[in-house]
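Note sheet for the following structure.
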Amino acid sequence: MKILIVDTYYPAFLRSFYSERPGLERRPYAEQWRALMDQCFGVADFYSTNLVRLGLEATEVVANAGALQLCWAREHGLGLRYRVTRRRGPGGIPVPWVSKSWIYPVLRAQIQAFRPDIVHIQDPAATDPAFLREIRSDARRITGQIASPYPPRADFRAYDLMLSSMPHFVEAFRKSGIRSELFHLGFERTVLRRLGPAASRDAVFVGGLSRSHKERIQFFETLARRRPIEWFGYGLEQLARGSPLRACYRGPAWGLAMYEVLAGARIALNHHIDVAGRYANNMRLYEATGVGALLLTDWKENLPQLYEPGKEVAAYRSVEECADLMEHYLAREDERATVAQAGQARTLRDHTYEQRMREFVELARPLL
Numbered sequence: 036m037k038i039l040i041v042d043t044y045y046p047a048f049l050r051s052f053y054s055e056r057p058g059l060e061r062r063p064y065a066e067q068w069r070a071l072m073d074q075c076f077g078v079a080d081f082y083s084t085n086l087v088r089l090g091l092e093a094t095e096v097v098a099n100a101g102a103l104q105l106c107w108a109r110e111h112g113l114g115l116r117y118r119v120t121r122r123r124g125p126g127g128i129p130v131p132w133v134s135k136s137w138i139y140p141v142l143r144a145q146i147q148a149f150r151p152d153i154v155h156i157q158d159p160a161a162t163d164p165a166f167l168r169e170i171r172s173d174a175r176r177i178t179g180q181i182a183s184p185y186p187p188r189a190d191f192r193a194y195d196l197m198l199s200s201m202p203h204f205v206e207a208f209r210k211s212g213i214r215s216e217l218f219h220l221g222f223e224r225t226v227l228r229r230l231g232p233a234a235s236r237d238a239v240f241v242g243g244l245s246r247s248h249k250e251r252i253q254f255f256e257t258l259a260r261r262r263p264i265e266w267f268g269y270g271l272e273q274l275a276r277g278s279p280l281r282a283c284y285r286g287p288a289w290g291l292a293m294y295e296v297l298a299g300a301r302i303a304l305n306h307h308i309d310v311a312g313r314y315a316n317n318m319r320l321y322e323a324t325g326v327g328a329l330l331l332t333d334w335k336e337n338l339p340q341l342y343e344p345g346k347e348v349a350a351y352r353s354v355e356e357c358a359d360l361m362e363h364y365l366a367r368e369d370e371r372a373t374v375a376q377a378g379q380a381r382t383l384r385d386h387t388y389e390q391r392m393r394e395f396v397e398l399a400r401p402l403l
């Protein structure tokens, strides 16, 4: 089985990545790709690495990484130019597919060159359904994965299988006649040996604040008035001038830098995006526990299926309870460390991308 994973990265991260590495855009595609994957941004090459370990052929492409993709195009004789078109998606979240002028032609050529059995799309909401219909002759099956807001009229009928870590998304897809399965996110254990020294911090939140995070903004503004927290991420411009979170902001933390912030934290705070509803599902669950921080997350009805609250993670049902739990664990280091270690052990046992890719293969194989 050959699988091509099509991903997109935040434009702000890509700009930062290349600006910190002058001249990298002139290096060969393979060198740029390896340098980008080594940043451990998002799911990086975690899917392909573990699929290869299972005996499959797999690789990732970052479809909106202009320098990288146009390098591939040059190396394969495609005469294309880079043109940026900026727009925003649901809830004001930046859509990383910056232009159709080169993204789809390069991606189509990559699919034709790799000739995969499965093309797996990590950003279905931003992918043109017409393009998916075009590649039907180049790939046997198309799968997608989504756990973020998407437009009400989004068309996912071109997918043979839609995966989501949100049970209500799976239910909605099935009701609309689309084959769908629950598929959780995870943690890549090899990140642990890549981490550098981590500054010690009491309580951190790493994540974004946007119009899709109204409840999150309100929650952290209230919490910041009660307890000291440090915030790394994006969305400062979304905050009111008088927001207490402005004083908590420490700038962006991408990839390995994000993992190092979490690894140095005694408590890693989590609060799900509004669309998550009743379900725990985001990457922060696994990233924070995976590097050994105590995860303090909002209570969700399926959380006990992932972690045991009170023993492997801590969970709150209100701002007041969150503040109380912060005070409790920061004053009891042995207890905090015991829960954090148990959470990390659970992640490394049940929630790694090695395990997830075994699950992916079981879901994808019947399609062929």
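Residue numbers (our numbering): 36 to 403.
The C-beta atom is built at its ideal place from N, Cα and C for all residues, glycine as well.
Alpha carbon of residue i to alpha carbon of residue j, nearest angstrom
i	j	result
Glu362	Ser278	22 Å
Arg281	Pro151	46 Å
Gly77	Trp334	24 Å
Trp68	Leu103	7 Å
Glu265	Met293	13 Å
Leu403	Pro184	29 Å
Ser54	Glu295	21 Å
Ala174	Lys249	40 Å
Ile177	Val241	32 Å
Ala100	Thr324	29 Å
Lys37	Ala399	11 Å
Glu356	Arg371	16 Å
Asp190	His203	17 Å
Cβ neighbour criterion (16 or more within 10 Å) applied to residue i
i	result
Leu338	buried
Gln157	buried
Gln180	buried
Gln147	exposed
Asp80	buried
Pro263	exposed
Arg251	buried
Glu368	exposed
Ser211	exposed
Gln145	buried
Pro159	buried
Arg236	buried
Asp73	exposed
Arg260	exposed
Ala303	buried
Asp42	buried
Gln379	buried
Per-residue DSSP class, three states only, for residue i
i	result
Arg301	strand
Val267	Just to set this straight, residue 267 is Phe in the shown sequence, not Val. Of the three classes helix, strand and coil, the one that applies to Phe267 here is strand, per DSSP.
Arg367	coil
Tyr53	helix
Val97	strand
Tyr314	coil
Gln180	strand
Met27	No answer is possible for residue 27: the residues shown for the chain start at 36 and end at 403.
Ile128	Note that Ile128 has pLDDT 45, beneath the 50 cutoff, so the model's placement of it is unreliable and the number below is only indicative. Ile128: coil per DSSP, three-state reduction.
Asn242	Residue identity check: residue 242 is Gly in the sequence provided, not Asn. It is a strand residue.
* Report the residue ranges of all beta strand (DSSP E) runs contained in full by the region 201-239; include only those spanning at least 3 residues, in chain order. => Taking only runs of at least 3 residues, the beta strand (DSSP E) segments lying wholly in the region 201-239 are 215-217.
* Asked: What are the start and end residues of each continuous beta strand (DSSP E) run of 3 or more residues lying completely inside the region 320-350, in chain order?
  -> Assignment of beta strand (DSSP E) within the region 320-350, counting only whole runs of 3 or more residues, yields 329-333 in chain order.
* Asked: Are the region 339-353 and the region 221-234 touching by the rule of at least three beta carbon pairs closer than 8 Å?
  -> Three or more Cβ pairs closer than 8 Å define a contact, and the region 339-353 falls short of that threshold against the region 221-234.
* **Meets three-Cβ-pair contact criterion under 8 Å: the region 365-381 and the region 321-331** => Segments in contact, yes.
* Using 8 Å as the threshold, is the region 209-218 in touch with the region 312-327, meaning 3 or more CB pairs across them? -> No contact exists between the region 209-218 and the region 312-327.
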